[in-house]
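Residue numbers (our numbering), protein chains in the order written: chain A, 44 to 182; chain B, 44 to 182.
Encoded as structure tokens, the structure appears first; notes follow it.
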């Protein structure tokens with residue numbers, strides 16, 4: 044029996060849960076400066092993308108592109124940033140961030156840029172529901 | 044007839060060519076601070092990963108994981124960073140960077156961190172050959 048999947052506490056604290064795709068948990072980063080989705084494959088103890096079985100690695104890839112396409116359609120933003128870094132939070136998680144020329148970090152990366160601005164609850168709920176609809180997941 | 048693939052001039056200036064995989068050109072970033080590979084799908088006019096036909100998008104994914112696995116084996120570094128950003132250079136390119144706790148940007152991202160340190164020619168040649176061997180590509 045494989046150990047249960049547990050979301051890293053820091054990811055949990057920084058995000059709002061949107062729902063589950065076939066493989067990944069979908070999170071909305073609680074930072075009103077950037078439309079920012081995080082995908083976390085629901086597998087215990089996973090750190091590197093290449094440590095997944097090939098079929099699951101591919102599914103994570105497909106879900107990532109689905110999220111990027113959805114975020115592009117939702118925002119019309121200029122560029123989607125896709126990244127699996129994991130220097131601070133070891134649990135494998137994939138960032139999908141919509142970027143525009145007038146955002147708070149352009150053209151630099153969002154990680155480590157300035158200070159997070161929390162959503163107000165109404166906007167957080169609205170955006171979370173919009174992402175859930177776009178990805179056909181339910182909380 | 045599809046237009047010819049041309050490497051973005053900035054990518055060309057900042058890297059050394061390693062060779063070609065089935066889909067991607069493999070580049071070594073000329074920054075001695077980080078073991079850093081860049082993959083560029085050899086398709087003209089490509090900006091977003093999700094704009095490729097699904098089969099090619101998947102091949103880019105597989106070649107990215109191959110590069111990440113090879114860089115991990117070569118360096119033994121703690122964490123591989125994988126990212127397709129493209130805020131500065133629009134041409135789709137995928138970063139694969141080996142990260143360690145004592146590197147020049149840890150735990151932050153490498154993009155925009157400090158100033159690039161060029162390899163000396165002997166080290167550049169050696170590392171380039173090592174990457175080529177690890178990925179079974181030839182210049």
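For every residue, glycine included, the Cβ atom is placed at its ideal position computed from N, Cα and C.
For clarity, every value in this text was computed on a predicted model and none was experimentally measured.
Is the CB of residue i under 8 Å away from at least one CB in chain B?
i: residue 77 of chain A; result: no
i: residue 150 of chain A; result: yes
i: residue 104 of chain A; result: yes
i: residue 131 of chain A; result: yes
i: residue 99 of chain A; result: no
i: residue 48 of chain A; result: no
i: residue 142 of chain A; result: yes
So residue i and residue j are in contact, right, with Cβ under 8 Å, and what is the actual spacing, rounded?
i: residue 113 of chain A; j: residue 177 of chain A; result: 4 Å
i: residue 128 of chain B; j: residue 152 of chain A; result: 7 Å
i: residue 148 of chain B; j: residue 125 of chain B; result: Not really, about 16 Å apart at Cβ, beyond 8 Å.
How many Å lie between residue i and residue j at the Cα?
i: residue 80 of chain B; j: residue 165 of chain A; result: 42 Å
i: residue 169 of chain B; j: residue 66 of chain B; result: 24 Å
i: residue 57 of chain B; j: residue 73 of chain A; result: 35 Å
i: residue 98 of chain A; j: residue 47 of chain B; result: 33 Å
i: residue 139 of chain B; j: residue 174 of chain A; result: 28 Å
i: residue 51 of chain A; j: residue 160 of chain A; result: 21 Å
Determine the contact status of residue i and residue j, defining contact as a CB-CB distance below 8 Å.
i: residue 120 of chain B; j: residue 86 of chain B; result: no
i: residue 108 of chain B; j: residue 59 of chain A; result: no
i: residue 54 of chain A; j: residue 136 of chain A; result: yes
i: residue 180 of chain A; j: residue 69 of chain A; result: yes
i: residue 145 of chain A; j: residue 76 of chain A; result: no
i: residue 134 of chain A; j: residue 89 of chain A; result: yes
i: residue 130 of chain A; j: residue 115 of chain B; result: no
Per DSSP, residue i forms a beta bridge with which residues?
i: residue 142 of chain A; result: A/122
i: residue 69 of chain A; result: A/62, A/82
i: residue 127 of chain B; result: A/125
Would you say residue i lies against chain A (beta-carbon separation less than 8 Å)?
i: residue 91 of chain B; result: yes
i: residue 70 of chain B; result: no
i: residue 80 of chain B; result: no
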